[in-house]
Amino acid sequence: MDSAELFRLSREILITHGGETYRLRLTSQNKLILTK
Numbered sequence: 028m029d030s031a032e033l034f035r036l037s038r039e040i041l042i043t044h045g046g047e048t049y050r051l052r053l054t055s056q057n058k059l060i061l062t063k
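Each residue of the sequence shown is one higher than the one before, starting from 28 at the first, in the numbering used here.
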C-alpha cells in the first residue's frame, strides 16, 4: 500500500494493534513518526 493512500485525508492516522492505539504522523519533512 502506498502511504499517499493512507494520508490522503489527514496527516495523522490512528492504528489499533494488540489492544493498544498508535498514532502514525506524516511530518512536514515527509517523514513518518509512530507514537503510542
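We put the CB at the ideal spot given by N, CA and C, even for glycine.
Beta-carbon proximity list for residue i, same chain, < 7 Å, skipping 5 on both sides
i          : result
residue 47 : 63
residue 60 : 52 and 54
DSSP beta-bridge partners of residue i
i          : result
residue 39 : 52
residue 47 : 44
residue 59 : 53
Residue from the options whose Cα sits closest to the Cα of residue i
i          : options       : result
residue 50 : 58, 33 and 40 : 40
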